[in-house]
Amino acid sequence: MLTINIDNVPVKVEEGTTILEAAQKIGIEIPTLCHHDDLCIAGNCRVCVVEEKGKNTLTASCATPVIEGMKILTHSAKVQTSRKHIVELLLSEHDEKCTKCYKNGNCELQDLASKYTVGDYLFMDLCEGKEYKIDDSSPAIQFDPSKCVKCQRCVRTCSEIQGVNVITVAEKGKDMHIQTFMGLPLNNVPCTNCGQCVNHCPTGALTERMYYDEIWEAMGDDSKHVIVNTAPSVRVALGEMLGYPTGTRVTGKMAAALRQIGADSVLDTDFTADLTIIEEGHELLQRLKKALVDKEDVSLPMITSCSPGWIKYIEHMFPYQLAHLSTCKSPQQMFGALAKTYYAEKMHLDPKDIVSVSIMPCSAKKFEANRPEMHSSGYQDIDAGLTTRELGHMIKQSGINFLDLEPQPFDSLMGESSGAGVIFGATGGVMEAALRTAYEVVTGRQVPFDNLEILPVRGTDGIKEASIKIEGSLPEWNFLEGVELKVAVSHGLKNARIIMKQIEAGESPYHFIEIMACPGGCIGGGGQPIPTNAEIRKKRIESIYEEDRNMTLRKSHENSEVKKIYDDFLKEPLGEKSHKLLHTSYTKRNKF
Amino acid sequence: MSKNSLKRLDIIFAPYSTSPYKLLSELLKKDKDAIIQELIESGLKGRGGAGFLTGLKWKLAKEAKGNEKYVICNADEGEPGTFKDREILSQVPRKVFSGMALCASIIGANKGIIYLRAEYNFLKKDLQKEINIFEAEAKKLNLDFSIEIFSGSGAYVCGEETALIESMEGKRGEPRNKPPFPVVNGYLGKPTVVNNVETFVSARMVCSIGAKEFNKFGIHGQKGSKLFSISGDTPKGGVYELELGLTVQDLVDEFGDGDTKAVQVGGVSGFCVPRKSFAKRTIGFTGKFTGDSLPTGGSIMIFNSSRSMYNVLHNYLDFFCEESCGQCTPCRVGVQQLLLGIEAIKANNKPSSYLKTLVKLADTMRVSSKCGLGQSIANSFQSIVEEFTEEIIY
Amino acid sequence: MSDVTEIIKKQINQSGKKREVLLPILQSIVERDHYLSSESLLQVAKSLDISAADVYGTASFYSFLETNKKLGKYVIRVCKTIVCDMQGKREIIEAIENCLDIRIGETTRNNKFSLLYTNCLGWCHKGPVMLINNEVYTELTPDKVRRIINAYKQNKQEEL
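Just so you know, the sequences run in chain order A, U and Y.
Those letters in the first sequence? Residues 1 to 592, by our numbering.
Those letters in the second sequence? Residues 593 to 986, by our numbering.
Those letters in the third sequence? Residues 987 to 1146, by our numbering.
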């Protein structure tokens, strides 16, 4: 332990602690901008400089480890002047149009400005006369360079969390800026649309593409039937934007708010999550049977396909391994395909009048909804994928008093869900849900875990492993008797790369792998409320598992609406209709 | 010599003895700690301009744990007005290699790299020939040390040692956060000594003549000698080895054209000295930034009264706008503001009082920039603006 | 012409497939092609398994690694830093511009010459100075510079 002195308060910290962390420990807040808990230290923006006694220059507190006996002043006159200057400098190269900005009210630069630079502009406007081109080529993410403050958080995110590296720092000096390879539009580079750059951007430079105006229009159009499906991780995060503490579940209020702002039917993506489990579970068992009994050459391990960021990633980076992907569509796209077929049929609606909207924790869902193959209903299956943030924004626009809203249930027909569907939102959740069902299908018994909680696949380790030995299998599945089913779970595309390299080398020991693009799974998705960090993600995860625990229905195959859809419509898992509506194929894309 | 105390030497460029690596072979036999002690006692500081104690750098690298270590010769001589390293490399490269070899044997490195700026690519061929000779010689001396050349690609900031290392690692030449320092965590994460070309030669010199002799050089309390690159309004531009501690007046008397109005000491990142201060400003390494003595990599640019100091400053700021790496705010944005600011004042778009704001901004850049580049922009800016205010405004 | 695999292979064989060979590879390509085309950059990225954006970002940092447009066979870089500026850089530029009928930043139509500014070349005592590829020309005067350019035009630069 080292003792240092910050603003005349002694503090004991471990070696390797930064000055910033030491200050936080005693409740002293030092402003930061380029710093992010999820990312490596950059020390670029210099907003966090502090005065170190005995040194002429100031010290970047985020980047400097403490030294025994150090004396630090966090708000001396020298520090205050520098900090003010630095924020003014950032503002001078930031084309501020706060009142017109999506991030107005949730912008770190704005917060800094309100603290340190009240009054007239000190310096000249560097944006004047410059031509900025907004890149809105991607259906998911848009980049407005005029709002970029070059903190490089997006660059580090894309590289460190995702290992995708499509955003880089280009040129130097006054010309230094953030861009893609040769400045190509975002939809022409191997961007996965995961949106983590958006989640980590302190300003409004990187945002999702927003589509809520079109939804308002559809909701106001009486000839349109707007049905909304909400993903499991939205309900544990939306509240953060509307006055609730992190991790508060607002499921019922969310449904009520959606109804109030004009949705004709508020349904649950968890329903198709349950359906995914049935389809994907059977697909896995079928692949195992082909491999073990028929000795066919099938691709194992099989990998989940719920996360559209992950799908785009594998299409770009490992185009020759696509056969490992489950052919199941994601719950969003299953929902879309059924909305304009099954739902339309049951509700006596003309599918052309249905506007199918999904509320997702994700920006990649926007791209997914726009994929040309996602037209199996004969129409675009999902008309718009909005992020949690966009929904939060719409609720704010509507003037609804969310805090006082009376919770309401989801509508029926594709509104029922199990706890298994809910936990899709957390890393490991799809795996856990699949095991709950598959094990029971094969053995007729519940998974051998206390209270159905498969703890080895839970938690925030980048890659998790588990194995279940299948014993006492039903006659139909006796080829699995004694098989040790090996599974793995990863989140964050950097970890996906490790898993895929193993597969590429033919060394993967697993049968089934869950991969999610974003850290923590969907609860940490690129469309979730900002800010994000490990602690916030942990709270959302806890909240998801609590929702599961409180449900009576906790296995996908017990979902009565799921049973009904097989009886009435799909007939059987992996059947002809399923094939047409619920399964898909993938596209080889360029890595570079 | 009564009035002018300038003393010329000719040690660095003195021709080799008949057996060029004889001195090295003798030095290699000396006790390593004794050599470090000698270097520290000599007070020899880095000749690139930053002025870190060379002996201490070597000592720290020697003490750093690691089975692989590197010796890097910084030949990214980009400071405007400096060209002495080029002269050294073309005239006495063996002295550089000897210094590097000595350093390597002390810290326990067997790999040396010369980071040669792209602008000096024409030196590569001859240098490689010399390296081959050196390596043959090293074999005879049973010295496990090889040298290779790494070419720069055009970036002033790569003269900063951590930026240089980043560049060698195949990345953008952006300075790193310090600590850790290269002596502990340098090239490829290994302990690394990065020294300027001249520093290796001077270190070799100190080891050969001893700290005591070395310290006999120097005037006005300064110790040692170094190379100066003289250019600008002078009839005698070139590289000169002079004893430290001389006054700017000494330089002007010797090299000026009779009409000198200002001298830029230490390149664009150094200080501009106006005529009225020529006699009281000495050049050496002991003073602080604004003290009497100016530290320098040896760049001396002389301006006569026909020069507009506004143009001079404008040229400097233009340089920094392009050559800042751009990663940290005070440097990237600050220097653009300084440039735009003086233009606006000149064009009457800003009141002359705005100059005060800019001077304060320069202070912020000095204390809060990430590396020496950003920190030193204030040196020339403030010294010119304060001494030649009228020229800047009108 | 645009196939850079040979250059890459040579460097990798020499020093291994590692990030540290990136700049030497890019330098070799520029030496041959006078710029880095997007195809070349992609090829380098593939060979070293570094993202294309990263390769581009790195290359664009350095002023001697041209990424935007193909430069001429002879790249003329005239120093514009203070001492050369004082010693008549402008006249030199004008002489070259007239001689080649291009403006600064441009390349002649026959792709033989490009004219660029550069920062300090380290010859301040002998300014104005310019580089033509790796060759240095010092103490330039408009006359001298015309002679030099003409020699290059006639491929007689060896005689200079």
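Virtual Cβ for every residue (Gly too), placed ideally from N, Cα, C.
It should be emphasised that the depicted structure is a prediction, and the values quoted were computed from it without experimental measurement.
Check: Select from GLY129(A), TYR212(A), GLY204(A) the residue whose C-alpha is nearest the C-alpha of CYS154(A).; Outcome: GLY204(A)
Check: Within 10 Å of its beta-carbon, does ALA678(A) have 16 or more other beta-carbons around it, so buried, or fewer, so exposed?; Outcome: This structure cannot settle anything about residue 678(A), because the visible part of chain A is limited to 1 through 592.
Check: Identify the residues that DSSP records as bridge partners of VAL1007(Y): which are they?; Outcome: The partner list for VAL1007(Y) (beta bridge, DSSP) is empty, contrary to what the question assumes.
Check: Which stretch, first to last residue, makes up the alpha helix (DSSP H) that contains ALA730(U)?; Outcome: 716-732
Check: Please determine, among LEU184(A), THR327(A), GLY459(A), LEU288(A), the residue with the shortest C-alpha to C-alpha distance to THR304(A).; Outcome: THR327(A)
Check: For chain B, find out if any of its Cβ atoms is closer than 7 Å to the Cβ of MET254(A); answer yes or no.; Outcome: The structure shown contains no chain B; the protein chains it does contain are A, U and Y.
Check: State whether the segment 115-125 of chain A contacts the segment 158-170 of chain A, with contact taken as three or more CB pairs (one from each stretch) at a distance under 8 Å.; Outcome: no
Check: With a cut-off of 7 Å, does the C-beta of MET182(A) fall near any C-beta of chain Y?; Outcome: yes
Check: Closer than 7 Å between beta carbons: that is the criterion. Which residues of the segment 1024-1044 of chain Y meet it against chain A?; Outcome: SER1024, LEU1028, ALA1031, LYS1032, SER1037, ALA1038, ALA1039, ASP1040, TYR1042, GLY1043
Check: Give me the Cβ distance between PHE424(A) and PRO232(A), rounded to the nearest whole Å; I'm assuming they're in contact under 8 Å.; Outcome: 5 Å
Check: Measuring only between beta-carbons, confirm whether MET987(Y) sits less than 7 Å from chain U.; Outcome: The pLDDT assigned to MET987(Y) is 47, lower than 50, so where the model puts this residue is not dependable, and the model offers no usable value.
Check: Helix, strand or coil, according to DSSP, for HIS282(A) in the structure here?; Outcome: helix
Check: Determine, for GLU52(A), whether the minimum Cβ-Cβ distance to residues of chain U falls below 7 Å.; Outcome: no
Check: For LYS494(A), decide whether its Cβ has a neighbour in chain Y, counting only Cβ atoms nearer than 7 Å.; Outcome: no
Check: With 7 Å as the C-beta to C-beta threshold (strictly closer), list the residues of the segment 762-791 of chain U near chain Y in chain order.; Outcome: GLY762, LYS763, ARG764, GLY765
Check: Taking any Cβ of chain U, which residues in the segment 74-107 of chain A have a Cβ under 8 Å from it, in chain order?; Outcome: LYS78, THR81, SER82, HIS85, ILE86, LEU89, LEU90, SER92, GLU93
Check: Looking at the C-beta of GLY926(U), does it have a partner C-beta in chain A at a distance below 7 Å?; Outcome: yes
Check: Using a Cβ-Cβ cutoff of less than 7 Å, which residues in the same chain neighbour THR882(U) once the five nearest sequence positions on both sides are dropped?; Outcome: Model confidence at THR882(U) stands at a pLDDT of 34, short of 50, so the residue's coordinates are unreliable and nothing is read from them.
Check: Name the chain A residues that come within less than 9 Å of GLY918(U), Cβ to Cβ?; Outcome: LYS150, VAL169, GLU171, LYS172, GLY173, LYS174, ASP175, MET176, HIS177
Check: Contact criterion: CB-CB distance below 7 Å. Does PRO943(U) meet it with respect to chain A?; Outcome: no
Check: Have a look at the DSSP bridge pairing and note the partners of ALA488(A).; Outcome: GLU465(A), ILE513(A)
Check: What would DSSP say about SER597(U), mapped onto helix, strand or coil?; Outcome: coil
Check: Is there a C-beta anywhere in chain Y that falls below 7 Å from the one on ASN44(A)?; Outcome: no
Check: Consult DSSP for PHE881(U) and reduce its assignment to one of helix, strand or coil.; Outcome: At PHE881(U) the pLDDT is 36, less than 50, meaning the model places this residue with poor confidence and gives no usable figure here.
Check: Which whole runs of the beta strand (DSSP E) in the segment 917-965 of chain U are 3 residues long or more, in chain order?; Outcome: none
Check: Counting only beta-carbon separations shorter than 7 Å, does MET901(U) have a partner in chain Y?; Outcome: no
Check: Whose Cβ in chain Y lies nearer than 7 Å to the Cβ of VAL904(U)?; Outcome: ILE1068
Check: Verify the CB distance criterion: does GLY879(U) have a CB-CB separation below 7 Å to chain A?; Outcome: The predicted model places GLY879(U) with a pLDDT of 48, which falls under 50 and marks its position as unreliable; any figure quoted below should be read in that light. Answer no: the Cβ-Cβ gap between GLY879(U) and chain A never drops below 7 Å.
Check: May I have a chain-ordered list of the alpha helix (DSSP H) segments no shorter than 4 residues that lie completely inside the segment 738-783 of chain U?; Outcome: 753-760
Check: Between VAL198(A) and chain Y, is there a C-beta pair that is closer than 7 Å?; Outcome: no
Check: Hey, is LEU1107(Y)'s beta-carbon within less than 7 Å of any beta-carbon in chain U?; Outcome: yes
Check: Would a C-beta distance cut-off of 7 Å place ILE454(A) and LEU435(A) closer than the cut-off?; Outcome: yes
Check: Pull the bridge partners of ASN788(U) from the DSSP assignment, please.; Outcome: ASN666(U)
Check: Are the C-beta atoms of PHE820(U) and some chain Y residue less than 7 Å apart?; Outcome: no
Check: Span of the beta strand (DSSP E) holding GLU1121(Y)?; Outcome: 1121-1123
Check: Taking only the alpha-carbon atoms, compute the straight-line gap between GLY848(U) and THR826(U) and give it to the nearest angstrom.; Outcome: 5 Å
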